[in-house]
Amino acid sequence: MNKGKNLKVRLGSLVLQNPVMTASGTAGYGTELARFYDPSLLGAIILKGISLSPWQGNPPPRIAETPCGMINSIGLQNVGLEAFLKEKLPPVMKYGVPVIANILGNTAGQYATLAERLDGAVHGVELNVSCPNVKKGGIAFGVDPKGFTRLVREARRRMKKSILIVKLSPGAQDIAEFARRAEAEGADALSLINTIPAMAIDANTRRPLIKNIIGGLSGPAIKPIALRMVYQASKAVGIPVIGMGGITTGQDAVEFMLAGAAAVAVGTATFLNPMAPVAILEGIRAYMDKHKIKDVSSLTGGLVEG
Amino acid sequence: MDPLLKRPFGYFRMDAAKGELEILYRVRGRVTSLMSALQKGGEVEMLGPLGNPYPELISSKTPLIAAGGVGIASVYPLLERFKGRAHLFYGGKNRDELPLKETIEKKRLARRLVISTEDGSAGLKGTLVEALEVFLKEQKFPAKSFTLFACGPQGMLKALSRLGLDGYVSVEEKMACGIGVCLGCAVKTKNGYKRACAEGPVFNIKEVAFE
Chain A
237 MNKGKNLKVR LGSLVLQNPV MTASGTAGYG TELARFYDPS LLGAIILKGI
287 SLSPWQGNPP PRIAETPCGM INSIGLQNVG LEAFLKEKLP PVMKYGVPVI
337 ANILGNTAGQ YATLAERLDG AVHGVELNVS CPNVKKGGIA FGVDPKGFTR
387 LVREARRRMK KSILIVKLSP GAQDIAEFAR RAEAEGADAL SLINTIPAMA
437 IDANTRRPLI KNIIGGLSGP AIKPIALRMV YQASKAVGIP VIGMGGITTG
487 QDAVEFMLAG AAAVAVGTAT FLNPMAPVAI LEGIRAYMDK HKIKDVSSLT
537 GGLVEG
Chain B
-7 MDPLLKRPFG YFRMDAAKGE LEILYRVRGR VTSLMSALQK GGEVEMLGPL
43 GNPYPELISS KTPLIAAGGV GIASVYPLLE RFKGRAHLFY GGKNRDELPL
93 KETIEKKRLA RRLVISTEDG SAGLKGTLVE ALEVFLKEQK FPAKSFTLFA
143 CGPQGMLKAL SRLGLDGYVS VEEKMACGIG VCLGCAVKTK NGYKRACAEG
193 PVFNIKEVAF E
């Protein structure tokens, strides 16, 4: 198992036993995972995003495969806050693994209410800022510096017990600027990247493969972009960064840590192999054995430059 | 990494004693082309069983099976389960889309086998839905005495849902995870979006909101 290796990671006041977690939207509310492995093997699980009221999601087709990746336009289908608190949260809290809720909304007020209601009920709250702000003509919070800052501030004000993680959007013109703003507003950690807006077309039918036309690209195809953004964001702040984007092996995870991540999240890889997060954790351990590394945090920012 | 995702298939035949599983598929795109190039002794990675099978038949009902093209792969185990009691309506664009026609005829797997091809190259000219409508009209037994089990293209299932029969359809949706976590395989039902991989792929025909 750990054999003299320290895999602990600290995110604000939350200590994780290892740096691997499931990415939001790829592990449901945790119970489906438990069919395959004990969720408490992981550092944390980040749950499917929830909005104040239930969201139906987009009409199908919602997914399309692309070279080394996939596009999804699920449309953030979720049961809403009340059903989440009543039905989805209690079973996953019993697994004995830190639980991070992911929240989404169309106004800063919705995020604030969600943050307030979830504070103390979960170990952490991750803000999905890639949603459009309907009060500002639908521009996504994550690409509008002022809207973003206000959002993080409102959420931070209402959270005293759980840690606040801000999930940055890859659409940000300058990812380091958004990273700094989140840190200035008191975020305990950052996570990045979310999916990248993308398209796929069937040349024979002349139709887009996704009903919604545009969806989010994920998987190995985005790893180079994600690595670059994790590198830039982590250089700009002192708070820990959770890196994600196409991680399928322990080696990928190590690359993100070398780029600056303190922890990693695994998403699309779970669709290739439901056991992926556990396999990736084992891969990190194997790397540490091979390179005689005693403490996983020594990998963070360990990139050799120049 | 490329192709990235697994593809969903129904099981066609299974021999638990021999430890054998058969999949019947049509070569349509990249992955099925790759599959057709596999050699004996090669390796495939499979996750399963996933989803829900066709429910048991109520013994007082007569089974009607509707198979459109490669949908025959999904309903074939039912022919064996119903031990020759089922009426099978098997249709496609042309006779090349009916690969199991001879097998079913020879083994007498159905009580009545009605073949339809849109171009008339085998059986009745027209769709299987048209053939099924004729059958129901000629029946002295009421529609309620039958249970329909159907698998085939979306348009076929939609037309079947208008016949007022009780029964089940097995739907086909693009899937990413297959285990109910990604919500990619959404099927519109009268009770919101359900997951083809978790609540389906078999649904009550009256529950699906066909478009």
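Chains as they are written, first to last, in the numbering used here: chain A, 237 to 542; chain B, -7 to 203.
We put the CB at the ideal spot given by N, CA and C, even for glycine.
- What L149 (chain B) touches in chain A, judged by beta-carbon distance under 7 Å, is nothing: the nearest beta carbon there is about 14 Å away.
- Taking a C-beta distance under 9 Å as the contact criterion, F320 (chain A) and Y265 (chain A) qualify as a contact pair.
- Buried is the label assigned to E390 (chain A), since at least 16 other Cβ atoms lie within 10 Å of its Cβ.
- Burial check for F377 (chain A): the Cβ neighbour count within 10 Å reaches 16 or more, so the residue is buried.
- Burial is judged here by how many other beta carbons sit within 10 angstroms of a residue's own beta carbon; T95 (chain B) has fewer than 16 and is exposed.
- For F81 (chain B), the enclosing beta strand (DSSP E) has its first and last residue at H79 to G84.
- Chain-ordered, the chain A residues with CB closer than 8 Å to the CB of C169 (chain B) read T262, T506, F507 and P510.
- In the three-state scheme derived from DSSP, where H, G and I count as helix and E and B as strand, Y17 (chain B) is classed as coil.
- The beta carbons of F81 (chain B) and P55 (chain B) sit about 11 Å from each other, so the pair does not count as a contact at 8 Å.
- A residue is called buried when at least 16 other Cβ atoms come within 10 angstroms of its Cβ; S51 (chain B) does not meet this threshold and is exposed.
- In the structure shown, T385 (chain A) falls within a helical segment according to DSSP collapsed to helix, strand and coil.
- When the five nearest sequence neighbours on each side are left out, the beta carbons in the same chain lying within less than 7 Å of the beta carbon of T349 (chain A) are those of L288, in order along the chain.
- Taken through DSSP and simplified to helix, strand or coil, E37 (chain B) comes out as coil.
- Around G486 (chain A), no beta-carbon contact reaches into chain B at under 9 Å, the shortest distance being about 16 Å.
- Among the bridge pairs identified by DSSP, Y347 (chain A) is matched with none.
- A direct Cα-to-Cα measurement between R392 (chain A) and V466 (chain A) gives close to 22 Å.
- Listed in chain order, the non-local C-beta contacts of M38 (chain B) below 6 Å within the same chain number zero, local neighbours out to five positions each way being set aside.
- A check of alpha carbon separations from H79 (chain B) across B:S162, B:V179, B:A58 and B:E122 identifies B:A58 as the nearest.
- Under the 9 Å criterion on CB atoms, L278 (chain A) is classed as non-interfacial with respect to chain B.
- The C-alpha of P456 (chain A) lies about 7 Å from the C-alpha of M(-7) (chain B).
- M493 (chain A) and A499 (chain A) have their C-alpha atoms spaced approximately 7 Å apart.
- Per DSSP, K403 (chain A) is one residue of the beta strand (DSSP E) stretching across I399 to K403.
- Taking a cut-off of 8 Å on C-beta distances, the region 346 to 364 of chain A touches the region 317 to 336 of chain A, as three or more cross pairs fall below it.
- When DSSP reads this structure, S427 (chain A) sits in a beta bridge with A:K403 and A:I478.
- Taking C-beta atoms as the reference points, K284 (chain A) and V173 (chain B) count as a pair closer than 9 Å.
- In terms of Cα proximity to L157 (chain B), the closest of B:G118, B:T181, B:E125 and B:A178 is B:E125.
- Cβ atoms of G279 (chain A) and P255 (chain A) come within 8 Å of each other, at about 6 Å.
- G170 (chain B) has its alpha-carbon roughly 29 Å from the corresponding atom of Q253 (chain A).
- Per the Cβ contact rule, the region 471 to 480 of chain A is in contact with the region 416 to 432 of chain A (3 or more Cβ pairs under 8 Å).
- At least one CB of chain B lies nearer than 9 Å to the CB of P295 (chain A).
- Identification of residues in the region 172 to 186 of chain B having a C-beta nearer than 9 Å to some C-beta of chain A yields G172, V173, C174, L175, G176, C177, A178, V179, K180, G184 and Y185, given in sequence order.
- Using a CB distance below 7 Å, no part of the region 187 to 199 of chain B faces chain A.
- Neighbours of M(-7) (chain B) in chain A, taken as residues whose beta carbon is under 7 Å from its own, are C304 and P456 in chain order.
- Along the length of the region 105 to 149 of chain B, whole alpha helix (DSSP H) runs at least 4 residues long occupy 120 to 130, reported in chain order.
- Around P433 (chain A), the same chain offers G407, I450, G451, G452 and L453 as residues with beta carbons nearer than 8 Å, after the five sequence neighbours per side are excluded.
- With a cutoff of 9 Å on beta-carbon distance, V388 (chain A) and R417 (chain A) are scored as near each other.
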